[in-house]
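Those protein sequence lines, which keep their order, are chains W and X. If you want the numbering used here, it's the 1-based position in the first sequence plus 515. If you want the numbering used here, it's the 1-based position in the second sequence plus 19. Don't be surprised by glycine CBs; every beta carbon is placed ideally from N, CA and C. Read the structure below first, then the notes.
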Amino acid sequence: MRRYLLGRVLQATLALLGVTCVAFLLVSLSGDPAFILLTPEAGDAQRAAFRQMYGLDQPLLVQYARYVEHVLQGDFGLSFAFERPALTVVMERVPATLELTCAALLLGIGFGIPAGVIAAAREGTWFDRAVMAVVLLGQSVPTFWLGLLMIRVFAVNLHWLPVSGRGTWPQLVMPAVALALWLAALLARITRSEMLESLAQDYVRTARAKGLSERGVTMTHALGNALLPIVTLIGLQIGTLLGGAVITETVFAWPGVGTLVFDAILRKDYPVVLAVVELVASAFIVINMSLDVLYGYLDPRLRRAEA
Amino acid sequence: MPVGRAWRAIGPGGLVVACVGLVAVLAPVLSPHDMRSFDLFHRLAPPAWDTGGSWTHALGTDPLGRDVLSRIIYGARTSLAVAGVAVVVAATLGILMGLLSGYAGSWTDALIMRVADIQLSFPYLLLAIAVMALLRPSLVNLVIVLVLRSWVVYARLIRVVTLSAREREFVTAARALGGGSARIVFRHIAPNVVGPSIVVSSFQLAELIIVESSLSFLGLGVQPPTPSWGSMVSEGRAYVSTAWWLSAFPGLAIVATVLGANLFGDALRRALDPRLRGVG
Chain W
516 MRRYLLGRVL
526 QATLALLGVT
536 CVAFLLVSLS
546 GDPAFILLTP
556 EAGDAQRAAF
566 RQMYGLDQPL
576 LVQYARYVEH
586 VLQGDFGLSF
596 AFERPALTVV
606 MERVPATLEL
616 TCAALLLGIG
626 FGIPAGVIAA
636 AREGTWFDRA
646 VMAVVLLGQS
656 VPTFWLGLLM
666 IRVFAVNLHW
676 LPVSGRGTWP
686 QLVMPAVALA
696 LWLAALLARI
706 TRSEMLESLA
716 QDYVRTARAK
726 GLSERGVTMT
736 HALGNALLPI
746 VTLIGLQIGT
756 LLGGAVITET
766 VFAWPGVGTL
776 VFDAILRKDY
786 PVVLAVVELV
796 ASAFIVINMS
806 LDVLYGYLDP
816 RLRRAEA
Chain X
20 MPVGRAWRAI
30 GPGGLVVACV
40 GLVAVLAPVL
50 SPHDMRSFDL
60 FHRLAPPAWD
70 TGGSWTHALG
80 TDPLGRDVLS
90 RIIYGARTSL
100 AVAGVAVVVA
110 ATLGILMGLL
120 SGYAGSWTDA
130 LIMRVADIQL
140 SFPYLLLAIA
150 VMALLRPSLV
160 NLVIVLVLRS
170 WVVYARLIRV
180 VTLSAREREF
190 VTAARALGGG
200 SARIVFRHIA
210 PNVVGPSIVV
220 SSFQLAELII
230 VESSLSFLGL
240 GVQPPTPSWG
250 SMVSEGRAYV
260 STAWWLSAFP
270 GLAIVATVLG
280 ANLFGDALRR
290 ALDPRLRGVG
């Protein structure tokens, strides 16, 4: 077990280092901020001073080493646009994004898993077919278009919900639903196929044979065993959810990390871009590593397979 | 019945994809107007059946008086070409990596799969946005970003197929007869990966069309004046309360094409290999 844990931590560290390296290289490749950020009238002396201020006059390898050293201390430098620490700027936006993604995650799980379970339990009925049709549609509708459609119908035509912004509950409804649709669709599909597989297993037949109710068999025996792959999938989809949040936030002017990073990219505000990238990547890698470790405890077969 | 079997493999989804492909190829013939021509007297004209609309511009016009239908027709070219090229490149790269990983094993396998893991461990859309913004949007960069997404899917699947094919009798027999590694991989193992690759390609086409249109919607994909469905939806954003047709129709084109490609993948999967349930 210790070896398994150690392996996972090592892999996570390597992944983080890889992300850091790629992010840093991309930013370095994209041009000299002294030319992008300063006005064209700025003289060579000003540009040199600017480069010196941000350490851009050093060799790339030195810059990278210093960058990693600072990142380890949580220091991403000053945001070019806000002239405050980049990490602070990003952290201010985190609650909004957490609120949106958590709402979408809850909606996705709350609708997707029950729909998948019932569809599998009633395979071939109209309900099953209806769920599968919605699943197909949900995976084919781009989030940004769904968002605009909802704005047009529910905000402009019906006046039921506000167009954009954050602060009140009604403002959360449309972004959360738009972001949740594909997740609900994906979860419904996977839950259904995992349930169909586990309903065909011997232990389900045994449970039925000993006279358990069909509901009991479905809920405890079949769902209990189907849950592990579903939880893994949710863990893996958190990254996609965060990506989708960028689009949803843009459509609904939701003041989260997504709109921040989008604006920061357009403004070439690299410290903010890097802070977001590192933060999101580490959150994502830590979440998945913890899930893996959790499985190690939940399912002893995995431990042996890894070793 | 070969006809029945062929129909089952194509299905309504395949028909939709074929139609969109045909529209893309025949765009200059099919589009009623020059997609670049400005008609400033008919700016923001509504679709034909709406009050004030006319059949001259069946799906209405944009703020510059350009014909929406013509731009959607040309947009099919952009979307299919970008996503199609990306799928082909990603499939080639991914299949080669998967074969190499599955057949060579040991550290080659470990290296390729670690790279794939690291890449999967990062929120892709964020990566795509960062790359496109930092490297400047161009069609080549767009294809590179899409390939980056897609090759992993092929590599992981093909690796598993290769691993199981490697242990089969015909491979052992080929090796016993003195076949070299390259010969075994390309003559005996490669044919096994064709079916799964075709199925995955259909789903990947659907996914990459969505990614491409999402990036174009954010202004980081296909650049104006080249028409693309995603950027058309984005241009219509400012007019969502007045000129709904600007974003509604290009969006419908995306949904129809992606739905078609997804259905096509399902049909192919059923027809080619019932064991493939759950792939994609």
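- Under the criterion of beta carbons closer than 8 Å, S169 of chain X and A105 of chain X qualify as touching, at roughly 6 Å.
- Here P600 of chain W carries a strand assignment [DSSP, helix/strand/coil].
- In terms of Cβ geometry, V808 of chain W and L520 of chain W form a close pair [threshold 8 Å].
- Contact check for F642 of chain W against D784 of chain W fails: the beta carbons are separated by 8 Å or more.
- The criterion of a C-beta distance shorter than 8 Å is satisfied by V766 of chain W and L663 of chain W.
- Around the Cβ of F777 of chain W, a 10 Å sphere holds 16 or more other Cβ atoms; the residue is buried.
- For the pair P66 of chain X and A77 of chain X, the CB atoms are nearer than the 8 Å cut-off.
- Secondary structure note for T127 of chain X: its alpha helix (DSSP H) is the uninterrupted segment S125 to L139.
- Closer than 8 Å to the CB of W641 of chain W there is not a single CB belonging to chain X.
- A Cβ-Cβ distance of about 6 Å is found for the pair V772 of chain W and V791 of chain W, placing them in contact under the 8 Å criterion.
- Here S247 of chain X is near T97 of chain X, since their CB atoms are less than 8 Å apart.
- Relative to A630 of chain W, the option among W:L789, W:V649 and W:A798 whose CA is nearest is W:V649.
- Using beta-carbon distances, G240 of chain X does not count as an interface residue toward chain W, since no partner is under 8 Å.
- Contact annotation: A149 of chain X and L532 of chain W have beta-carbon atoms that are not nearer than 8 Å.
- In terms of beta-carbon proximity, N211 of chain X stays away from the interface with chain W, with every pair separated by 8 Å or more.
- Put simply, the backbone Cα of F268 of chain X is about 27 Å away from that of G623 of chain W.
- Three or more beta-carbon pairs drawn from the region 281 to 292 of chain X and the region 21 to 37 of chain X are found closer than 8 Å, and the two stretches are therefore classed as touching.
- Contact between A275 of chain X and V35 of chain X holds, since their C-beta atoms are separated by about 6 Å, short of 8 Å.
- At a C-beta separation below 7 Å, G758 of chain W has these neighbours in chain X: P142, Y143, L144 and L145.
- With a contact defined as Cβ atoms closer than 8 Å, R608 of chain W and L775 of chain W qualify at about 5 Å.
- Non-local C-beta neighbours of G255 of chain X in its own chain, meaning closer than 6 Å and more than five positions away in sequence, comprise L265 and S266, ordered along the chain.
- Annotation: W769 of chain W to S679 of chain W spans about 7 Å, alpha carbon to alpha carbon.
- DSSP places D643 of chain W in the helix class (H, G or I) of the three-state scheme.
- Think of a sphere of 8 Å around the beta carbon of G71 of chain X: no beta carbon from chain W falls inside it, the nearest being about 18 Å out.
- Among the residues facing chain W, L278 of chain X is included, as its CB has a counterpart in that chain under 8 Å away.
- G592 of chain W does not reach chain X, its nearest Cβ partner there being about 17 Å away, counting only Cβ pairs nearer than 9 Å.
- Taken through DSSP and simplified to helix, strand or coil, L620 of chain W comes out as helix.
- Proximity of T554 of chain W to chain X, defined by a Cβ-Cβ separation below 8 Å, is not satisfied.
- With fewer than 16 other CB atoms across the displayed protein chains lying within 10 angstroms of its CB, V583 of chain W is exposed.
- Put simply, of W:F799, W:E614, W:T612 and W:M647 the residue whose alpha carbon is nearest the alpha carbon of G627 of chain W is W:M647.
- Boundaries of the alpha helix (DSSP H) around D285 of chain X: W264 to L291.
- The beta carbon of I273 of chain X sits closer than 6 Å to the beta carbons of S232 and W248 from its chain, once the five residues preceding and following it are set aside; these are given in chain order.
- Residue pairing from DSSP places T80 of chain X in a beta bridge opposite X:D86.
- L727 of chain W carries a coil assignment under DSSP once its states are collapsed to helix, strand and coil.
- Within chain W, no C-beta atom comes less than 7 Å from the C-beta of F268 of chain X; the nearest is roughly 11 Å away.
- For W248 of chain X, the enclosing alpha helix (DSSP H) starts and ends at W248 to G255.
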